[in-house]
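Counting from 1 along the sequence shown, just add 86 to a position and that's the residue number in the numbering used here.
Built from N, CA and C at the ideal position, the CB exists for glycine as well.
Since the structure comes first, as structure tokens, the remarks are kept for the end.
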Amino acid sequence: MNLNIGCGECRYENFLGVDVRKTAAVDVQANIRKLPFKDNSIDNIAAEDVAEHFRRAEFPLVVKEWYRVLKSNGVLRIKTPYFSFLVQLFVSGKIPQVEAARKLYGNQDYLENTHYTCYDPSELGAVLEAAGFQLTHLF
């Protein structure tokens, strides 16, 4: 079984969409802080544009929950805003201020769509390793 956690409006083929809000892409409406799945039952987790929605003190606990449900040979794929890269894009004129701000702070068009933080690859890697994950790719 594969999960797309915090899926919002995004559906991936062969992945169950899990989100706190009910949308057309959601198969399981649940808070991704406490997933309704058994230990070691999930093959793959996609968490794209999700990590930034948690406060820094909370995110390590959330990641441990994801680790709990993931099989020992499972894969967690995380995509999250990278502050330094966004600043470089903005300063170089490659993205306008409004787009940089949206990526950093979220659209804020509903309660859960607010960003609390950003991670750089090494910092995110440290959080994941502390939860028990073995890192294969950081970029």
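Among all the DSSP beta bridges, which residues are the ones paired with residue i?
i, result
"Q115", "D105"
"N90", "G103, A132"
Nearest by alpha-carbon distance to residue i: which of the options is it?
i, options, result
"A133", "K189, V184, S208, C96", "C96"
"E99", "V106, A111, D105, G92", "A111"
"I164", "K108, L214, G218", "L214"
"G92", "A143, V148, L221", "V148"
"Y205", "V173, Q194, G179, S178", "V173"
"K120", "G192, K180, R188, E144", "E144"
"S127", "R154, K189, Q183", "R154"
"Y168", "Y191, N130, G218", "Y191"
"D125", "G160, Q220, N193", "G160"
"A217", "T200, L156, V177, Y196", "L156"
How close, in whole Å, do the beta carbons of residue i and residue j come, if the pair is a contact with beta carbons under 8 Å?
i, j, result
"G103", "N90", "5 Å"
"E138", "Y202", "7 Å"
"E198", "R107", "7 Å"
"L162", "I131", "5 Å"
So the alpha helix (DSSP H) residue i belongs to, where does it begin and stop?
i, result
"G211", "207 to 217"
Ordered list of beta strand (DSSP E) runs contained in the segment 109 to 158, each at least 3 residues = DSSP runs (the beta strand (DSSP E)) wholly in the segment 109 to 158: 128 to 134.
message = Could you tell me which whole beta strand (DSSP E) segments of length 3 or greater appear in the segment 156 to 182?
response = 156 to 165
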